[in-house]
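Residue numbers (our numbering): 15 to 604. Working notes, beginning with the structure itself.
Pasting the structure below:
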């Protein structure tokens with residue numbers, strides 16, 4: 015038949031009655047002429063070359079949900095095949111079974127708007143070559159993306175990374191195509207690429223290793239530097255650079271060492287005195303390694319460069335020396351200045367200029383109250399001043415701000431440093447719409463029942479628990495007051511925060527209201543009042559488990575739920591008295 019709207023999502027739901035480590039693959043069939051009473055292995059429709067998706071493991075007594083994609087459904091008959099899997103059969107309820115398959119379509123009725131295009135990039139300013147990671151944050155279910163980076167380059171990826179090779183100021187355009195057409199967003203002067211700063215590379219004017227086992231011997235002309243810690247057999251190495259020709263302010267400095275013998279600990283790097291000579295230093299007269307190190311080198315790989323940030327040790331022209339000690343009994347070797355790959359000290363200099371302001375926020379649209387997290391993407395800033403466009407401000411680098419009322423808001427960020435300031439103004443950045451007639455509901459009562467203590471009451475406990483074990487089961491009960499609910503429910507999602515995860519998150523049933531939070535126990539708990547509504551598999555500790563209850567919300571009023579398990583591995587959830595109370599998130603059709 016003809017669908018009464020545009021398909022925004024398509025989901026195939028199958029109820030497992032025999033588990034497997036492979037749920038199989040879903041195929042869309044081009045042939046709809048088969049019949050339920052006539053199909054055999056010999057006359058079955060041919061499978062296409064590629065499945066819509068390959069499913070993972072499936073658990074007995076649970077629904078598995080397969081996102082099919084928009085191209086999988088259309089007006090009229092649609093047929094799917096399940097195939098593949100492993101020698102371990104997966105069995106699902108058929109339409110003649112207790113839990114028949116479901117094809118769940120989310121439709122947009124009426125005119126469908128094109129995507130509302132939005133995107134972010136980071137970093138948005140810096141010296142060439144500048145690599146910028148772009149992220150699409152558009153709404154409206156786009157499926158095709160077209161980026162113009164402003165330098166003659168483009169991309170069709172959803173979240174591309176682009177490198178700007180030349181200095182300049184660049185616009186960025188994103189066109190996004192969805193079910194309702196094409197949306198577009200142009201951001202002028204979005205990426206600012208400055209010229210690369212002056213860079214100098216120095217090689218040592220002296221380097222040497224010293225050996226505890228030969229405390230008076232000098233190894234200054236050897237082609238390797240050595241690091242090792244072992245009683246009576248330790249080795250350390252020293253390097254000195256002459257930076258007399260260095261000019262300008264030091265913006266960054268890194269020491270590069272080429273590894274010729276690898277190990278799990280590359281040593282510790284220290285700034286040391288320059289009062290030593292390459293041909294005279296030995297274990298007895300070596301510079302003292304201070305207690306504080308510049309860096310600790312982890313595992314080092316053969317025939318690769320190790321880079322260490324030593325900016326804090328370079329203040330300007332003159333001599334600078336480093337010592338490398340520590341490590342372990344596994345000797346590490348680096349090339350010395352006499353070797354094929356001598357050490358390098360790479361120093362970037364320049365005069366720090368004013369900062370470049372840039373920022374992003376997420377989400378940038380939604381129903382009131384809307385909490386937006388802003389992220390500073392400026393370069394060179396030391397202080398920040400935000401204006402959120404609603405009369406409030408912040409001096410945090412990465413603030414969060416709550417917009418309580420509807421409206422469109424302009425956000426301004428001013429950044430400063432010792433050389434000046436810069437401001438970015440993003441007009442009409444945040445759009446806050448009227449609250450949905452649905453919303454998020456918290457339980458008005460919840461409790462757990464313990465089979466092992468059938469008369470115990472735990473209604474005020476901060477935890478709910480579900481478990482299935484002979485003589486030791488736990489069930490959880492929740493009640494929501496939905497009297498204020500009006501309109502047609504398009505989705506309803508129960509969210510429970512797990513404080514101790516399990517391989518089974520739970521099985522949800524409707525139940526009666528014949529219980530109270532202060533009185534519920536195993537002896538008086540009401541039984542489920544209908545078939546299984548939904549189930550969810552594994553949930554991790556510290557994560558939210560989500561259960562689709564859309565089919566259970568048919569009218570306003572009181573909603574009573576009981577959650578059971580099919581696993582002996584207990585799952586604990588925060589109750590309404592806990593830090594993360596249960597939530598029922600309801601969406602109403604506009």
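Ideal Cβ placement from N, Cα and C applies to all residues, glycine included.
- Bridge partners of residue 349 according to DSSP: 238.
- Distance between residue 313 and residue 277, taken at the CA atoms: about 6 angstroms.
- Going by beta carbons, residue 272 and residue 219 fall outside the 9 angstroms limit.
- Using a Cβ distance threshold of 9 angstroms, residue 331 and residue 259 count as a contacting pair.
- Here the alpha carbon of residue 491 sits roughly 9 angstroms from the alpha carbon of residue 525.
- Within the segment 187-256, the runs of beta strand (DSSP E) at least 3 residues long that lie entirely inside it are, in chain order, 195-208, 213-216, 220-225, 238-241 and 249-256.
- Between the alpha carbons of residue 310 and residue 301 lies a distance of about 19 angstroms.
- In the three-state DSSP reduction, residue 430 falls in the strand class (E or B).
- Taking all protein chains shown into account, residue 35 has fewer than 16 neighbouring C-beta atoms within 10 Å of its C-beta and is therefore exposed.
- Residue burial annotation: residue 109 is exposed, with fewer than 16 other C-beta atoms found within 10 angstroms of its C-beta.
- Between the segment 541-556 and the segment 455-472 there are fewer than three C-beta pairs closer than 8 angstroms, too few to call the two in contact.
- Around the beta-carbon of residue 420, fewer than 16 other beta-carbon atoms lie within 10 Å, marking it exposed.
- DSSP, read as helix, strand or coil, puts residue 120 in strand.
- In this structure, residue 388 lies near residue 425, with their beta-carbon atoms less than 9 angstroms apart.
- The distance from the Cβ of residue 516 to that of residue 585 is about 4 angstroms, consistent with a contact at the 8 angstroms cut-off.
- Counting other Cβ atoms within 10 Å of its Cβ, residue 390 reaches 16 or more and is therefore classed as buried.
- Taking one beta carbon from each stretch, the segment 575-589 and the segment 59-66 have fewer than 3 pairs nearer than 8 angstroms; the two do not touch.
- Taken in chain order, the complete beta strand (DSSP E) segments of 3 residues or longer contained in the segment 392-456 are 397-401, 414-417, 421-431, 434-447 and 453-455.
- In the three-state DSSP reduction, residue 54 falls in the coil class, being neither helix nor strand.
- Residue nearest to residue 400 within the set 377, 371 and 394 is 371 (criterion: CA-CA distance).
- Under the DSSP definition of a beta bridge, residue 492 partners with 460 and 575.
- Fully contained in the segment 549-603 are the following beta strand (DSSP E) runs of length 3 or more, in chain order: 558-562, 572-578, 585-588 and 597-602.
- Distances from the alpha-carbon of residue 121 to those of 84, 38 and 168 put 84 closest.
- Look at residue 139 here: in three-state DSSP terms it is strand.
- In the three-state reduction of the DSSP assignment, residue 325 falls in the helix class, which pools H, G and I.
- In this structure, DSSP gives residue 84 a helical state, which the three-state scheme calls helix.
- Between residue 480 and residue 578, the CB-CB gap stays under 9 angstroms.
- According to the DSSP assignment, residue 270 belongs to the beta strand (DSSP E) that extends over 263-275.
- Here DSSP, grouped into helix, strand and coil, assigns residue 160 to strand.
- Spanning the alpha carbons of residue 280 and residue 334 requires a straight line of approximately 21 angstroms.
- Annotation: residue 286 to residue 269 spans about 14 angstroms, alpha carbon to alpha carbon.
- Of all C-beta pairs linking the segment 130-144 to the segment 89-104, fewer than three are shorter than 8 angstroms, placing the two stretches out of contact.
- Residue 25 is bridged by DSSP to 81 and 118.
- Counting along the chain, residue 302 sits inside no beta strand (DSSP E), nor does DSSP assign it H or E at all.
- Under a 10 Å Cβ-count criterion, residue 217 is classified as exposed, with fewer than 16 other Cβ atoms of the shown protein chains found around its own Cβ.
- Residue 334 carries a strand assignment under DSSP once its states are collapsed to helix, strand and coil.
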